[in-house]
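**Q**
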Amino acid sequence: MTARPAKALICLASMVFAWTFLAVLAARPLEAQAKNPFSGNAKMAKLGEYEFRANCAFCHGLGARGGGRGPDLTRTPKKHGDSDQEIFTTISNGVPGTAMPPNGATQQGVGMTEEEIWQVITYIRSVEHKPVEMTGDSVRGRQLFFGSAACSTCHMFKGQGGRLGPDLTSAGTARSLDYLTDSIRNPSRRLAQGLGEAMKEFTVEYETVNVVTADGTKLQGTLLNEDSFTIQFLDTREQLHSFDKAALKSWEKTRASLMPVYDEKALPEKDLQDILTFLVKRLRAPGGAQ
Ligand code: HEC
Ligand code: HEC
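Residue numbering for the sequence shown is 30 to 319, as defined by our numbering.
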């Protein structure tokens, strides 16, 4: 008769014990050792590369050089802290409010073990390079950006500028210099996905829309949204439009960027270097007057 409650108690106690044990296990990665145990170990870096391809390259690109959704991880120093411990924490916890998921939240579901995270960090370290020496004139670059090069008519930088193209506030640290240069010299080669909109379930590329309305008005802009029946876009004067497709004379989406090609004639090499220096340096010293 008395055996029952006792059994229930033991059962409860063991459950509590199991939960505590699990909770301790779950909390463990946060108290990970501060130094990477595999530092400089080429074999571990290779294993890390394999895991990186499976779990991270989707966003951070092959070779960790950045992709549509994730920043270039070969850059140093890292925005969220550059020590082994800090990078470990970033990978374990993710970056709340962005597309960077906590460990275990990726499609794989299971998550990486502590050892595997250190392997991935060993890999990231092996492809990192020193901060690039930016030799341009960032003050002049800023003037060009907001002035004669007209970048700010379409791009926002720290809350100032247009909305037709992606916000470039973090482009200078998130994107590789090759990527940035290519985006400016050959805009249509690879359409931006917009880092700032990482929270959207589906990332939308900045596709161009050409529309002719029923009364013959021609409009061009950046696609915002589309379903079977309607299309929404921001035209080149930043007016928002929503049309029933059936009511339009014609409409098309194209992968030709709305951004003009800035070749050497439109933007000489020196001007390009100044603008790139502005984009990179402005972020290294947030709030700094440049
Ligand atoms: C769904 C896309 C996505 C996936 C998958 C992803 N990341 Fe990220 N990651 C991001 C984004 C976006 C950021 C930038 C967050 C921000 O705005 O600061 C980021 C930031 C980071 C940072 C910080 C960079 C810095 O400068 O501080 C590290 C390190 C990182 N990711 C490593 C990884 C690793 C390792 C994996 C795989 C285990 C991974 N990420 C998987 C999107 C992703
Ligand atoms: C007429 C509007 C317009 C102007 C002017 C313009 N851009 Fe763009 N830009 C866009 C649009 C739209 C995109 C997104 C499509 C694409 O990737 O080309 C874009 C994309 C970019 C990207 C890629 C961002 C990413 O995260 O992938 C960079 C970098 C960029 N522009 C830099 C510049 C710079 C620097 C200037 C001035 C020299 C400039 N743009 C002028 C419209 C413009």
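For each residue, glycine too, the CB sits at the ideal point set by N, CA and C.
1) Helix, strand or coil: how does DSSP classify Phe-262 here?
2) Taking Gly-133 as the reference, which of Ser-167, Ala-276, Thr-142, Pro-125 has the closest Cα?
3) Between which two residues does the beta strand (DSSP E) containing Ser-271 stretch?
4) Can you tell me whether Leu-193 is buried or exposed, with buried defined as 16 or more other CB within 10 angstroms of its CB?
5) Taking the beta strand (DSSP E) that Gln-249 belongs to, which residues open and close that run?
6) If you pair each beta-carbon of the stretch 161-176 with each one of the stretch 292-306, do three or more pairs fall below 8 angstroms?
7) On the DSSP bridge assignment, give the partners of Val-241 in chain order.
8) Cα separation between Lys-159 and Leu-102?
9) Looking at Ala-243 and Lys-274, is the spacing between their C-beta atoms short of 8 angstroms?
10) Within the same chain, show all residues whose beta-carbon is closer than 6 angstroms to that of Leu-59, passing over the 5 residues directly before and after it, in chain order.
11) How long is the line joining the alpha carbons of Ala-203 and Gln-172, rounded to whole angstroms?
12) In this structure, does DSSP put Met-73 in helix, strand or coil?
13) Let me confirm a value: Arg-218 is counted as buried when at least 16 other C-beta atoms fall within 10 Å, else exposed. Which label applies?
14) DSSP has Phe-14 in a bridge; who is on the other side?
15) Would you mind reading off the limits of the alpha helix (DSSP H) that contains Ala-203?
16) When burial is assigned at 16 or more other CB atoms within 10 Å of the CB, is Met-228 buried or exposed?
17) Please list the terminal residues of the continuous alpha helix (DSSP H) segment that includes Gly-170.
18) My understanding is that Cys-88 touches Gly-99, with C-beta atoms under 8 angstroms, so please give their C-beta distance in whole angstroms.
19) If you follow the alpha helix (DSSP H) that Ala-86 is part of, which residue opens it and which one closes it?
20) Mind checking whether the beta-carbon of Ile-153 lies closer than 7 angstroms to any heavy atom of ligand 2?
21) Would you identify the three-state DSSP class for Gln-222, choosing helix, strand or coil?
22) Rounded to whole angstroms, what's the CA-CA distance from Thr-306 to Ser-68? Just pull it up for me.
23) Quick one: Cα of Lys-310 to Cα of Arg-266, how far?
**A** According to the data block:
1) Numbered from its first residue, the sequence shown carries residue 262 at position 233. Three-state DSSP puts Phe-262 in a strand.
2) The sequence position of residue 133 within the sequence shown is 104, counting from 1. Comparing Cα-Cα distances from Gly-133 to each of Ser-167, Ala-276, Thr-142, Pro-125, the minimum goes to Thr-142.
3) Taking the sequence shown and counting its residues from 1, one reaches residue 271 at position 242. Where Ser-271 is concerned, the enclosing beta strand (DSSP E) stretches over 269-273.
4) Against the sequence shown, residue 193 aligns to sequence position 164. It is buried - the Cβ of Leu-193 has at least 16 other Cβ atoms within 10 Å.
5) Here the question's residue 249 lines up with position 220 in the sequence shown. From DSSP, the beta strand (DSSP E) with Gln-249 extends over 247-255.
6) yes
7) Along the sequence shown, read from residue 1 onward, the residue named residue 241 stands at position 212. Paired residues: Lys-247, Ser-279.
8) Within the sequence shown, residue 159 is the residue found at index 130, counting from 1. Within the sequence shown, residue 102 is the residue found at index 73, counting from 1. Roughly 12 angstroms separates the two Cα atoms.
9) In the sequence shown, residue 274 corresponds to position 245, counting from 1. In the sequence shown, residue 243 corresponds to position 214, counting from 1. Not in contact: Lys-274 and Ala-243 (Cβ atoms no closer than 8 angstroms).
10) To locate residue 59, count along the sequence shown from 1; it is residue 30. Confidence at Leu-59 is low in this model, with a pLDDT of 47, below 50, so the placement of that residue should be treated as unreliable; the coordinate-derived value is given next. Within the same chain, Leu-59 has no close Cβ partners at all.
11) As a first step, residue 203 is located in the sequence shown; it is residue number 174 there, counting from the start. As a first step, residue 172 is located in the sequence shown; it is residue number 143 there, counting from the start. One C-alpha to the other measures close to 22 angstroms.
12) Mapped onto the sequence shown, residue 73 falls at position 44. Three-state result, Met-73: helix.
13) Here residue 218 corresponds to residue number 189 of the sequence shown, with the count starting at 1. Arg-218 is exposed by the Cβ-count criterion.
14) Outside the displayed range of the chain (30 to 319) lies residue 14, so it cannot be described from this structure.
15) One-based indexing of the sequence shown puts residue 203 at position 174. That run of the alpha helix (DSSP H) goes 200-203.
16) Your numbering for residue 228 matches position 199 in the sequence shown. Caution is warranted here: a pLDDT of 47 is assigned to Met-228, below 50, making its placement in the model unreliable, and no coordinate value can be reported.
17) As a working mapping, residue 170 is identified with position 141 in the sequence shown. Counting along the chain, the alpha helix (DSSP H) containing Gly-170 begins and ends at 167-175.
18) Position 59 of the sequence shown, counting from 1, holds the residue named residue 88. Position 70 of the sequence shown, counting from 1, holds the residue named residue 99. The pair is a contact, with the Cβ atoms about 3 angstroms apart (cut-off 8 angstroms).
19) Indexing the sequence shown from 1 puts residue 86 at position 57. Element bounds for Ala-86: 86-89.
20) On the sequence shown, position 124 is the one that residue 153 refers to. No - ligand 2 has no heavy atom lying nearer than 7 angstroms to the Cβ of Ile-153.
21) For the purposes of this step, residue 222 is identified with residue 193 of the sequence shown, where counting begins at 1. Three-state DSSP puts Gln-222 in coil, outside helix and strand.
22) Start at 1 with the first residue of the sequence shown, and residue 306 comes out as number 277. Start at 1 with the first residue of the sequence shown, and residue 68 comes out as number 39. In a straight line, the C-alpha of Thr-306 is about 32 angstroms away from that of Ser-68.
23) On the sequence shown, residue 310 is found 281 positions in, with the first residue counted as 1. On the sequence shown, residue 266 is found 237 positions in, with the first residue counted as 1. Looking at the two C-alpha atoms, the distance is approximately 30 angstroms.
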